[in-house]
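In this note's numbering, the protein residues as written are 28 to 433.
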């Protein structure tokens, strides 16, 4: 049985099942383990994590009389939050997904090359060419306008080795899509995209062995990584023509609404609109991406996790707009339909974010692959409906991304 408890209730002997927060908020490379060392408890309590899930069937329970939130209650609350966030109006007809994917592949390739060069120059002590970055944002913004799902979904498909560079590209795209959803004007949207592209510049100065460490960071290593916002801000200040928005987001994208973030511990309205946007976009791409020490989470499950964290970490209105920009079931999400068939989301519906287009390819009744069929869940004559999200790791489909890309 799972119980959600405060970190202050942790004891040696408890089986920690999951942190109620981003993996970036703690120095542990695992989410699930038995607590055997009081130092681990101290590290958790000193981090930005405020609550955790424990498995009382595998370790100690909380003391009698202590209230805990049940899994069912938590799931219901989180799902309700996501559905509230997904209530969106129909959007302007988008370019066909297949067509925009081909354009987006070329822009992604150019973007990776440009960001790699930018990070290399930063490591060499050269000033960063922010004007070139702003030109790149124009291309990404145009792609997002034509079809938001294409570029964003493609940018998520990065290897662990590509992460440092493609993360900046992905956050840029997410910032642009979010800015458009929030109704910001063209200039503000460009500033948001530029801020996303430059937000992690400080990581260019982080030791590569720490940045790509495939295991638990020591407290000292975690302290080093937490310096990257200030290092990036310093580099942008020393360069030319860095927009104020980019400076702000670079320094403050790890701040949290409840004041538990870094480097300044800002809270609430002390955090600018753009930095609050950056916090959401940064976390989403981080948790959906493959890293040296963890596999990326399913897009739909990632949104559910973020909804769980949102009250303390994110601005609720920003997070709701973010869900609307992606869909409650983003492209690449694995779903179980009412018929028992499994499908992967290939595109959002223009009618409702709750009824995407799904490529159905597997029958759980026969436990076999079936001929892939594209199903538009928003079609009036569609008899299928979504039953639940599915964990890709449970099924081990090697070609899940190829299915929605095809």
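Where is the CB? At the ideal position from N, CA and C, for every residue including glycine.
Exposed or buried, residue i, counting other C-beta atoms within 10 Å across all chains shown (16 or more means buried)?
i: residue 277; result: buried
i: residue 157; result: buried
i: residue 417; result: buried
i: residue 207; result: buried
i: residue 377; result: exposed
i: residue 431; result: buried
i: residue 40; result: exposed
i: residue 198; result: buried
i: residue 35; result: exposed
i: residue 463; result: Outside the displayed span of the chain (28 to 433) sits residue 463, for which this structure offers no information.
i: residue 409; result: exposed
i: residue 347; result: buried
i: residue 227; result: buried
i: residue 150; result: exposed
i: residue 397; result: exposed
i: residue 67; result: buried
i: residue 147; result: exposed
i: residue 245; result: exposed
i: residue 117; result: Low per-residue confidence applies at residue 117: pLDDT is 44, beneath 50, and the placement is therefore not dependable, though the value from the model is reported in the following sentence. Exposed, because fewer than 16 other Cβ atoms sit within 10 Å of the Cβ of residue 117.
i: residue 419; result: buried
i: residue 368; result: buried
i: residue 124; result: buried
i: residue 63; result: exposed
What residues match up with residue i in a beta bridge as DSSP calls it?
i: residue 42; result: 61
i: residue 170; result: The partner list for residue 170 (beta bridge, DSSP) is empty, contrary to what the question assumes.
i: residue 395; result: 390
i: residue 82; result: 29
i: residue 413; result: 364
i: residue 156; result: 267
i: residue 369; result: 363, 389
i: residue 374; result: 384
i: residue 428; result: BP columns for residue 428 are empty, so no partner.
i: residue 321; result: 318
i: residue 400; result: 387
What I want to know is whether the C-beta of residue i ends up closer than 7 Å to one or more non-hydrogen atoms of the ligand NAP.
i: residue 309; result: Looking at this structure, you won't find the ligand NAP or any other ligand, since it has none at all.
Return yes when the Cβ of residue j is within less than 8 Å of the Cβ of residue i, no when it is not.
i: residue 47; j: residue 83; result: no
i: residue 412; j: residue 404; result: yes
i: residue 380; j: residue 354; result: yes
i: residue 189; j: residue 254; result: no
i: residue 299; j: residue 314; result: no
i: residue 321; j: residue 306; result: no
i: residue 42; j: residue 71; result: no
i: residue 69; j: residue 135; result: no
i: residue 229; j: residue 259; result: yes
i: residue 345; j: residue 304; result: yes
i: residue 415; j: residue 363; result: yes
i: residue 308; j: residue 202; result: yes
i: residue 238; j: residue 186; result: no
i: residue 176; j: residue 375; result: yes
i: residue 7; j: residue 167; result: Because residue 7 is not part of the residues shown, which for the chain are 28 to 433, the question remains open.
i: residue 222; j: residue 273; result: yes
i: residue 141; j: residue 163; result: yes
i: residue 339; j: residue 428; result: no
i: residue 89; j: residue 133; result: no
i: residue 59; j: residue 44; result: yes
i: residue 224; j: residue 196; result: yes
i: residue 154; j: residue 288; result: no
Please state the DSSP three-state secondary structure of residue i.
i: residue 188; result: coil
i: residue 256; result: helix
i: residue 338; result: helix
i: residue 211; result: coil
i: residue 115; result: Confidence in residue 115 is poor, its pLDDT being 47 and thus under 50, which makes the residue's placement unreliable; the coordinate value appears in the next sentence. Residue 115: coil per DSSP, three-state reduction.
i: residue 332; result: helix
i: residue 228; result: helix
i: residue 296; result: helix
i: residue 195; result: helix
i: residue 290; result: coil
i: residue 279; result: helix
i: residue 233; result: coil
i: residue 305; result: helix
i: residue 37; result: coil
i: residue 74; result: coil
i: residue 285; result: coil
i: residue 147; result: helix
i: residue 379; result: coil
i: residue 354; result: coil
i: residue 135; result: helix
i: residue 313; result: helix
i: residue 88; result: coil
i: residue 175; result: helix
i: residue 218; result: helix
i: residue 405; result: coil
i: residue 242; result: coil
i: residue 123; result: coil
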